[in-house]
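Note that my numbering numbers the sequence shown so that position 84 is 1183, with each residue one more than the last.
So the structure is just underneath, and the comments pick up after that.
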Amino acid sequence: MAWVSLILAGLFEMFGVAMINKLHKDHNWQSLVLLFSGFGASFLFLAFAMKTLPMGTAYAIWTGIGASGGAVLGMLLYGESKDWKRVVFIAMVLGSAIGLKLVS
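Set out below in structure tokens:
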């Protein structure tokens, strides 16, 4: 269950990052509420996962999901560069997170 919580924490982190961009464009209170809700849920699930998982592993995987997911969302939703080098480095981040899970 801790791994499911950690993945949910990473997904909510991605959502929070997307809401930062939405708030920057829209400047409305709904975007602000969604931003705080996304990051709040992310921290809640991360805290739950860290009751079982080692802090270093949980934090590294959480940030990996959030950072790579945010980059992918930027490419898919906001027209950011889809250069092959970016994709390779995103894959490296995800590969590192998977590696941490395998050795944990």
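We put the CB at the ideal spot given by N, CA and C, even for glycine.
For Leu1131, the enclosing alpha helix (DSSP H) stretches over residues Trp1128 to Ala1148.
For Tyr1177, no alpha helix (DSSP H) segment is defined, and its DSSP state is neither H nor E.
Residue environment: Val1116 is assigned as buried (16 or more neighbouring CB atoms within 10 Å of its CB, all protein chains considered). Looking only at Trp1102, Phe1111, Ser1130 and Phe1135, the smallest Cα-Cα distance to Ala1166 is reached by Phe1111. Look at Leu1152 here: in three-state DSSP terms it is coil, with no helix or strand label.
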